[in-house]
Amino acid sequence: MARKNERRADALSHERIVDAAIEILDTDGENALTFRALSTRLATGSGAIYWHVRNKSELLGAATDGVVTRILADTADEASPRASITTTALALFDAIDARPWIGAQLAREIGQMATARILEVFGTQVRALGVPDRALFDATSALVSFVLGAAGQNAANAANARLHGNETDRTTALASVAHRWTELDPARFPFLHRIAAQVPGHDDRMQFLAGVDYLLAGIESRVSQQR
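Numbering of the sequence shown is given in the working numbering, commencing with residue 675 and proceeding in unit increments.
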């Protein structure tokens, strides 16, 4: 009986379970990912799944790691450290925009494998920019925090728009926000008055790339000063 159970567990691989979990997450969201739903999709009992994955938290971590691993592999071959950082950052932004559950999971647990992979890739490229070891942690952390934070916030904004039924008219929604800003006291909120007109038509993706560019320019400037 033990050998029979072992053969069944081997037939239901960890990879198959993770792929099925990703399908559920992409189609129906994080709340829909249950061991019962996973068992139904895989046509197996929950016991066979528990052989490979202990709980939902571990399953979410494995699903996130699976997607992130593919993203990092696809963006590995760039001509320069700056190009590699920019390409990887944009790929993560797009992935989190398409799959908000990834952003939520990355924000939830700093010690997970997906985060380790992201830090390793960015850290290696930041070091290749010439950042000395004493500043490597600070520079890489600032970059990764911006990338994951901005991408996660963008995904959260989109999810909130869908929740309130106005995702199809983003410009109108942003125009309403900008209008409210212009009604604030300009003496107390001069910055908001200055940038309000840019808000309705701005491109989130281009704004994100601009932020990455500013960070990289700052890192490169600091490296030049230290030479």
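Backbone N, C-alpha and C fix where the C-beta goes; we use that ideal spot for every residue, glycine too.
Query, Result
"Relative to the C-alpha of L793, which candidate in E857, A763, D768, D771 has its C-alpha closest?", "A763"
"So, under 8 Å CB-CB, V897 and V805 are touching, yes? Tell me the CB distance rounded to an integer number of Å.", "6 Å"
"Check each candidate in R844, M880, P860 and name the one with the smallest Cα separation from P874.", "R844"
"Hey, how far is the Cα of G892 from the Cα of L780?", "25 Å"
"Where does the unbroken alpha helix (DSSP H) through P864 begin, and where does it stop?", "864–869"
"Going along the chain, which unbroken runs of the alpha helix (DSSP H) with 4 or more residues stay wholly within the stretch 724–799?", "730–748, 755–772, 774–782"
"Leaving out five residues on either side along the sequence, give the residues of the same chain with a beta carbon under 8 Å from the beta carbon of N828.", "F767, I770, D771, D878, F882"
"Please indicate yes or no: does the CB of L686 lie closer than 6 Å to some heavy atom of the ligand ADP?", "The model depicted lacks the ligand ADP and carries no ligand whatsoever."
"Within 10 angstroms of the Cβ of T789, are there 16 or more other Cβ atoms? Answer buried if so, exposed if not.", "buried"
"Quick one: using the 10 Å Cβ neighbour count with 16 as the cut-off for buried, is A694 buried or exposed?", "buried"
"Which of the three DSSP states is assigned to D859 in this structure?", "coil"
"Do Q799 and I759 have their C-beta atoms within less than 7 Å of each other?", "yes"
"Determine the direct distance from the alpha carbon of R773 to that of R681, and round the result to whole angstroms.", "Residue confidence is low: R681 scores 43 on pLDDT, short of 50, so the model does not pin down where it sits. Its coordinate-derived value is still stated next. When rounded, the distance between both Cα atoms is 34 Å."
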